[in-house]
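K.L.:
Numbering (numbering that gives the first Met the number 0), first residue to last: 0 to 471.
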Amino acid sequence: MASIAVIGAGVAGLTAAVELKRAGHAVTVFEADDRAGGVIQSVRHGGFLADFGANSMLAPPPLVRGLLSSLDLKRHRVDASTAASRRYVVRGGRPLAVPTSPLALVTTPLFSVGAKLRMLTEAFNRSRPAGGEESVASLVERRLGAEIVQYALDPIVAGVYAGNPHRLSAMHAMPLLGGLEARYGSFVKGALGLIQERRRDRARGVLPPEPEGKMFSYRDGMATLPLALAKALDHDIHYRTRVTRLGPVGSGWRVVTLGPEGPAQHLVDAVICAAPAHGLARIEFAGKQGEDWSALPGIEYSPVAVVVSGYKREEVRHALDGFGVLVPEREGRQTLGTLFSSSLFAERAPAGYVTLTTFVGGARQPDLALSQDATVEAAVDRDLAHLLGITGTPTFRLVQRHTRAIPQYNVGYGAVKERMDRLERTNPGLFLTGSYRNGVSVGDVMTSGLLAAQAVGENLPAGDVAPSGATG
Ligand SMILES: Cc1cc2nc3c(=O)[nH]c(=O)nc-3n(C[C@H](O)[C@H](O)[C@H](O)COP(=O)(O)OP(=O)(O)OC[C@H]3O[C@@H](n4cnc5c(N)ncnc54)[C@H](O)[C@@H]3O)c2cc1C
Numbered sequence: 000m001a002s003i004a005v006i007g008a009g010v011a012g013l014t015a016a017v018e019l020k021r022a023g024h025a026v027t028v029f030e031a032d033d034r035a036g037g038v039i040q041s042v043r044h045g046g047f048l049a050d051f052g053a054n055s056m057l058a059p060p061p062l063v064r065g066l067l068s069s070l071d072l073k074r075h076r077v078d079a080s081t082a083a084s085r086r087y088v089v090r091g092g093r094p095l096a097v098p099t100s101p102l103a104l105v106t107t108p109l110f111s112v113g114a115k116l117r118m119l120t121e122a123f124n125r126s127r128p129a130g131g132e133e134s135v136a137s138l139v140e141r142r143l144g145a146e147i148v149q150y151a152l153d154p155i156v157a158g159v160y161a162g163n164p165h166r167l168s169a170m171h172a173m174p175l176l177g178g179l180e181a182r183y184g185s186f187v188k189g190a191l192g193l194i195q196e197r198r199r200d201r202a203r204g205v206l207p208p209e210p211e212g213k214m215f216s217y218r219d220g221m222a223t224l225p226l227a228l229a230k231a232l233d234h235d236i237h238y239r240t241r242v243t244r245l246g247p248v249g250s251g252w253r254v255v256t257l258g259p260e261g262p263a264q265h266l267v268d269a270v271i272c273a274a275p276a277h278g279l280a281r282i283e284f285a286g287k288q289g290e291d292w293s294a295l296p297g298i299e300y301s302p303v304a305v306v307v308s309g310y311k312r313e314e315v316r317h318a319l320d321g322f323g324v325l326v327p328e329r330e331g332r333q334t335l336g337t338l339f340s341s342s343l344f345a346e347r348a349p350a351g352y353v354t355l356t357t358f359v360g361g362a363r364q365p366d367l368a369l370s371q372d373a374t375v376e377a378a379v380d381r382d383l384a385h386l387l388g389i390t391g392t393p394t395f396r397l398v399q400r401h402t403r404a405i406p407q408y409n410v411g412y413g414a415v416k417e418r419m420d421r422l423e424r425t426n427p428g429l430f431l432t433g434s435y436r437n438g439v440s441v442g443d444v445m446t447s448g449l450l451a452a453q454a455v456g457e458n459l460p461a462g463d464v465a466p467s468g469a470t471g
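(1) Nearest-angstrom Cα distance between V455 and G91?
(2) Using DSSP bridges, identify the partner residues of L429.
(3) With a 10 Å radius around its C-beta and 16 neighbouring C-beta atoms as the bar for buried, classify A4 as buried or exposed.
(4) Put T446 into one of helix, strand or coil per three-state DSSP.
(5) Bridge partners of R239, per DSSP?
(6) Taking only three categories from DSSP, how would you classify G336?
(7) Spatial neighbours of A274 within its chain, please: C-beta separation below 6 Å, excluding the five flanking residues on both sides.
(8) Below 6 Å CB to CB, which residues in the same chain sit around I39 once its five sequence neighbours on both sides are set aside?
(9) For D50, which of helix, strand or coil comes out of DSSP?
(10) Would you tell me roughly how many angstroms separate the C-alpha atoms of G321 and A83, rounded to the nearest one?
(11) For M56, is the beta carbon positioned less than 6 Å from some heavy atom of ligand 1?
(12) Find out if the Cβ-Cβ distance for the pair L487, L228 is shorter than 7 Å.
(13) Which parts of the region 68-97 are runs of the beta strand (DSSP E), unbroken and 3 residues or longer, counting only runs that do not cross its ends?
(14) Helix, strand or coil, according to DSSP, for V464 in the structure here?
(15) Taking the alpha helix (DSSP H) that R403 belongs to, which residues open and close that run?
(16) Beta carbon of D219: closer than 6 Å to some heavy atom of ligand 1?
(17) Tell me, please, which residues DSSP counts as bridged to M214.
(18) Taking DSSP's pairing of strands, which residues face T356 in a bridge?
(19) Under 8 Å: do the region 68-84 and the region 321-335 share three or more Cβ pairs, one atom per stretch?
(20) Considering only C-alpha positions, which residue in the set L206, G36, G9, R43 is nearest to R396?
(21) Nearest to V112 by alpha carbon, out of L143, L387, V156?
(22) Go to S41, then tell me how far its beta strand (DSSP E) extends in each direction, as first and last residue.
(23) Using the three-state DSSP reduction, which class does A280 fall into: helix, strand or coil?
(24) Give me the Cα-Cα distance between Q559 and P327, rounded to the nearest whole angstrom.
(25) Any heavy atom of ligand 1 closer than 6 Å to the Cβ of A82?
(26) Excluding the five sequence neighbours on either side, which residues of its own chain have a C-beta within less than 8 Å of the C-beta of S55, listed in chain order?
(27) From what residue to what residue does the beta strand (DSSP E) around F29 run?
(28) Is the closest heavy atom of ligand 1 to the C-beta of S440 under 6 Å?
(29) Report yes if the C-beta of V303 is less than 6 Å from at least one heavy atom of ligand 1; otherwise report no.
(30) Can you name, in chain order, every residue of its own chain whose Cβ lies under 6 Å from the Cβ of S341, other than the five neighbours on each side?
(31) Beta carbon of L367, beta carbon of V359: below 7 Å?
(32) Measuring only from the beta carbon, is R241 closer than 6 Å to any heavy atom that is part of ligand 1?
(33) Given this structure, state the Cα-to-Cα distance separating T107 from H237, to the nearest angstrom.
(34) Rounded to a whole number of angstroms, what is the C-alpha to C-alpha distance between L245 and S168?
(35) Which partner residues of A4 appear in the DSSP bridge assignment?
(36) For E299, write down the residues that DSSP places opposite it in a beta bridge.
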């Protein structure tokens, strides 16, 4: 049995810790805050439900499925309504449905005739990247033209990263898209090729069967998931305990913390660093070869304000028949997008009311995300009135600000990733995991936590094992 410290009780750290505990290791999680979940937080208030971080999760990746089913959360799970497949993007100040069939693509007013022709002839486009890391906007513009960047890519990037498509790295932020051109020479050929490959692999049993349902959450919001993981860890989580210093000792590690009882140090065999990159950068650290965290400040985070609003149904003209509406930067509005939360999942609003979740700021308008509540609320009111035809004032409203919400895998991330890989190689027993490493979705982050837990088992330093336990 090894002793392992986990820094941070977001989904990455919790996932790693539960996996290690179940494998029989002694795990201690240090969490600076007084609750588990990190950016994921759900608040129920008078029949309304507000999710301030993740609102939903896509069908979990294979590695995560086993852990999720072991948590016994099935009875709390709510699947997204069928309306979720309809999404809106604003063009010319109006929300327009995103086409989901070839016929709808031909007739949609969302794209011009020229842009549609570029899409239809993409397979014949012979353009190639200049070399080096390319931004996702540059990749899509080369293959499909500027209009598709503005009215398809930009809103997707706003929805996933609250990021800037001209800065995000195609290879690291959207690896699937980046890989399609590299492997198949075209997005269209690549997408068709991938579908065929997956079908073949599923038939041969190489891939597990298609998971049931696509998108889900929990009756009381996404925080149900970290709370269940935290319950499995019970007293192994130390809340209000910030890790302040970390360094090697013998073949293990010394973790210095500051908690309600004052400073303490803990000697462990391995450490999983699952705090965000900016949180880790604040921990005093010297590695086995004197290394510091020099890779981590290279990872930027975009700020986001989340505004959850409840309205009487009759005060909203729009049908709210979909997942939500995304706002391209070119439209010159102030919000990034709005989820139709109560259309998406049951029990998000009392009967006769609707709940909308609006995101503000991101890489597009970072100052707005960080401004006073009244300024953010006014921006939301203006956009919702215009885009969704809202006539009344909200009967319910909560605002939460993430000063550093989502890590940006910007061009140059490849070098940052290499430095993180090197840091792990030169420091046996030290593992970096979380949304800054292998993708930002809850499924990616949980996968990253599980992989870190597996790596601990495989890579514990041989020889002396540091005496585990806390010293005052
Ligand atoms: C507004 C928003 C909406 C999102 N929507 C979705 C969505 O709909 N679907 C989806 O799949 N994903 C979504 N995501 C992304 C996903 O929620 C996150 O990527 C994921 O939850 C991050 O988990 P994490 O464990 O890596 O980090 P975090 O959640 O940031 O957790 C890290 C923890 O480390 C702690 N910590 C920091 N420093 C220290 C220290 N020195 N000592 C001890 N503890 C420390 C922090 O307090 C925190 O609890 C969204 C994210 C945001 C911000």
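Ideal Cβ placement from N, Cα and C applies to all residues, glycine included.
As the structure is a prediction and not an experimental result, all values here were calculated from the model.
P.N.:
Answer, in terms of the structure:
(1) 52 Å
(2) V270
(3) buried
(4) helix
(5) R239 pairs with nothing; no bridge assigned.
(6) strand
(7) I6, G7
(8) Close CB contacts of I39 within its chain, under the 6 Å cut and outside five residues either way in sequence, are with G52, A53, M221, A222, P225 (chain order).
(9) DSSP places D50 in strand when its eight states are reduced to three.
(10) 5 Å
(11) The answer is yes for M56.
(12) Nothing about residue 487 can be reported from this structure: the residues present for the chain run from 0 to 471 only.
(13) Here the runs fully enclosed are 76-78, 86-90, 93-96.
(14) Confidence at V464 is low in this model, with a pLDDT of 43, below 50, so the placement of that residue is unreliable and no value is reported for it.
(15) Not the alpha helix (DSSP H): R403 falls in the beta strand (DSSP E), residues 395-407.
(16) no
(17) L57
(18) DSSP output for T356 lists V307, L338 as bridge partner(s).
(19) Flag = yes, the region 68-84 and the region 321-335 touch.
(20) R43
(21) L143
(22) 41-44
(23) helix
(24) Residue numbering for the chain in the displayed model covers 0 to 471; residue 559 lies beyond these limits and cannot be assessed.
(25) Outside the cutoff, so no.
(26) A79, M214, F215, S216, M221, L343, F344
(27) For F29, the enclosing beta strand (DSSP E) stretches over residues 25-29.
(28) yes
(29) At least one heavy atom of ligand 1 is nearer than 6 Å to the Cβ of V303, so yes.
(30) R347, A348, V353, T354
(31) yes
(32) yes
(33) 54 Å
(34) 31 Å
(35) According to DSSP, A4 bridges with T27, V270.
(36) Q407
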